[in-house]
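The sequence shown maps to residues 1 to 454 in UniProt numbering.
Ideal placement from N, C-alpha and C gives every residue a C-beta, glycine not left out.
Here's the structure, in structure tokens; my notes come after.
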Amino acid sequence: METWTSANMVPVVTDLLTTLQNFMKYRKDSIKEQSDAVHLFSGRTFQSSRSGTAYTGGVCSLTRGGGINEYGNVGPMAITLCQSLGQNIGMRWNNIRSSAGDCRCPDSWLGCIMEDTGYYLPRKFSRCSVDEYIQFLLQGGGSCLFNKPNKLLDPPECGNGFVETGEECDCGSQLECARSGGACCKKCTLTHDAMCSSGLCCSGCRYELRGAVCRQAVNDCDIPESCTGDSSQVLFSTRSHWYGYMCDSSQGRCYSGQCRTLDGQCKGLWGYNSADRLCYEKLNAEGTEKGNCGQSPEGQGWLQCNKPDVLCGFLIDSFINVSIVDGSDLGYVEDGTPCGPNMMCLERRCLPVAAFNLSTCSGSTLGRTCSDHGTCSNEVKCICDRDYTGKDCSVFDPIPDPTPPASTEKKGPSGTNIIIGSIAGAILLAAIVLGGTGWGFNSPARDRSGQFPL
């Protein structure tokens, strides 16, 4: 938490969107602590029907992962924050859709969080909001939400689900351990012969083999995760193809883990394709509410797009009848969207891909990436194919086939057992013979004189 006691670090004006843009610039330049989203609480009353706003789908983005909220009574302020965070994770306002189908809020008294209905503070998201969040994740958004924090504010404690100093494992509470990991972890210590107790690369208390895929790619810009063979954890959970990588049959480019296209953005918002270039050239060059490249620095009026930048301004669908005026910045073309051959949008400008200063991975030359045996990630690291390793994926290191389980054939009898068995058999045979001699045949009886009868 950062508190401004003497002066505001950014200009806080009555226009929500202008303040949000100022705050996001401050976040990018001055807030060094890593976070998924940053929100500003202000005592100023904004000129808006709502008490806050945020970039829709902006979580995990350094320039769009945040929002603005009015500071006031705890209850309404909490709901405003929930709405802003909901926007960050891909949820939209339900007002237009609240009267139809699954979008209708089941609680007419309390209402749902992403709409302005109800008579008291809402407590639930509608079915539509939940579906939008799930779809946002499936499309590659929110990748930063899957990693655990490296440190906790609370002191170390066995049973909190985090492996801390002095612990080999921590499967959580008794109930959580009963569901998963309890067979491998007892009182934060690995059980006998256990290598691990949790993680995508842990199975039956043992590490998965190197190369085993533990998470499939969710879209063209995502990179599947594989196990290393010596750890239960996936070291990278936010990897994607490098910025500018062609996707969607070369119609779009990867940016922040998602494939950016004009049609994709329009369909996601309104269900229609994007308008053709002539519409962008006409409307965005006018600098009006229906076509522009953003608000003027003073917050009064709209900026005209320069002709090369018209595809990076206001997002125009093929029906040209929808506008977004809630200050969410949702109606503008997203950064990373193609705007021409080898050109991409950035902050309302159409720039050559080379101007993005995108670094290249080791072993990469023109037409060749990671020695042709891997993929370059957004972290500028080579993710090697199955049988290759090294920083540039040039080392051939085939993964051996799994060792078959030890043979369970019955072992033959040992020499000692044969001798013991032979002796026991001989004794038994002798006993049978003696028994037959002594009891199996009656000896002839003698007469009184002691002579055998004739």
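Cβ-based neighbour list, residue i, same chain, cut-off 6 Å, excluding 5 preceding and 5 following
{"i": "Asp222", "result": "Gly140, Ser240"}
{"i": "Leu62", "result": "Lys28"}
{"i": "Asn321", "result": "Confidence is the limiting factor: at Asn321 the pLDDT is only 46, short of 50, which leaves the residue's position unreliable, though a coordinate-based value still follows. Hits under 6 Å: none found."}
{"i": "Arg386", "result": "Gly211"}
Distance, residue j Cα to residue i Cα
{"i": "Met1", "j": "Lys187", "result": "34 Å"}
{"i": "Lys25", "j": "Thr288", "result": "24 Å"}
{"i": "Phe23", "j": "Arg206", "result": "47 Å"}
{"i": "Cys201", "j": "Met9", "result": "44 Å"}
{"i": "Cys370", "j": "Val380", "result": "10 Å"}
{"i": "His373", "j": "Ile399", "result": "15 Å"}
{"i": "Arg179", "j": "Ser197", "result": "12 Å"}
{"i": "Pro352", "j": "Glu298", "result": "29 Å"}
{"i": "Gly331", "j": "Met344", "result": "17 Å"}
{"i": "Leu346", "j": "Ile113", "result": "32 Å"}
{"i": "Asp249", "j": "Asp220", "result": "The displayed chain sequence assigns Ser, not Asp, to residue 249. If you take the alpha carbons of Ser249 and Asp220, they lie about 9 Å apart."}
{"i": "Gly244", "j": "Asn284", "result": "24 Å"}
{"i": "Val218", "j": "Glu208", "result": "21 Å"}
{"i": "Cys384", "j": "Ser232", "result": "19 Å"}
{"i": "Tyr280", "j": "Glu286", "result": "10 Å"}
{"i": "Val13", "j": "Phe125", "result": "30 Å"}
{"i": "Thr80", "j": "Tyr71", "result": "10 Å"}
{"i": "Cys142", "j": "Val59", "result": "Before going on, a small fix: residue 142 reads as Gly here, not Cys. Between Gly142 and Val59, the C-alpha separation is close to 6 Å."}
{"i": "Val334", "j": "Leu278", "result": "One point to set straight first is that residue 334 is Glu, not Val, in the sequence displayed. The straight-line gap from Cα to Cα measures roughly 19 Å."}
{"i": "Val213", "j": "Trp302", "result": "49 Å"}
{"i": "Ser394", "j": "Ala78", "result": "53 Å"}
Environment of residue i [buried if 16+ CB atoms lie within 10 Å]
{"i": "Asn147", "result": "exposed"}
{"i": "Phe396", "result": "exposed"}
{"i": "Pro122", "result": "buried"}
{"i": "Gly43", "result": "exposed"}
{"i": "Glu33", "result": "exposed"}
{"i": "Thr261", "result": "buried"}
{"i": "Gly166", "result": "exposed"}
{"i": "Trp109", "result": "exposed"}
{"i": "Thr365", "result": "exposed"}
{"i": "Arg92", "result": "buried"}
{"i": "Thr360", "result": "exposed"}
{"i": "Ala194", "result": "buried"}
{"i": "Gln87", "result": "buried"}
{"i": "Gln135", "result": "exposed"}
{"i": "Ser377", "result": "buried"}
{"i": "Trp4", "result": "exposed"}
Beta-carbon proximity check, residue i vs residue j, cutoff 8 Å
{"i": "Cys293", "j": "Gln300", "result": "no"}
{"i": "Glu168", "j": "Leu152", "result": "no"}
{"i": "Ala37", "j": "Leu85", "result": "yes"}
{"i": "Gly90", "j": "Gly66", "result": "no"}
{"i": "Arg253", "j": "Asp309", "result": "no"}
{"i": "Gln295", "j": "Thr19", "result": "no"}
{"i": "Cys350", "j": "Leu311", "result": "yes"}
{"i": "Cys158", "j": "Cys171", "result": "no"}
{"i": "Gly313", "j": "Ser256", "result": "no"}
{"i": "Cys128", "j": "Cys103", "result": "yes"}
{"i": "Gly363", "j": "Cys339", "result": "no"}
Residues of its chain near residue i, where Cβ-Cβ distance is below 8 Å and the 5 sequence neighbours each way are ignored
{"i": "Ile68", "result": "Leu16, Thr19, Leu20, Phe23, His39, Leu40, Ser42, Phe46, Gly52, Thr53, Ala54, Ser84"}
Contact set for residue i: own chain, Cβ-Cβ below 7 Å, skip 5 residues either direction
{"i": "Gly182", "result": "Cys171"}
{"i": "Thr389", "result": "Val395, Asp397"}
Proximity test, residue i beta-carbon vs the ligand ZN heavy atom, cut-off 7 Å
{"i": "Asp387", "result": "Absence of the ligand ZN is noted for the structure shown, with no ligands found whatsoever."}
Requested in this report: Return the chain-ordered ranges of every beta strand (DSSP E) run that is complete within the UniProt domain "Peptidase M12B" (1–149) and spans a minimum of 3 residues.
Outcome: Contiguous beta strand (DSSP E) elements confined to the UniProt domain "Peptidase M12B" (1–149) occur at 38–42, 52–54, 66–70, taking only those with 3 or more residues.
Report task. Please list the segments of the beta strand (DSSP E) lying wholly inside the UniProt domain "EGF-like" (357–394), counting only runs of 3 or more residues, in order along the chain. Result -> Those beta strand (DSSP E) runs which fall completely within the UniProt domain "EGF-like" (357–394) and span 3+ residues are 374–376, 382–384.
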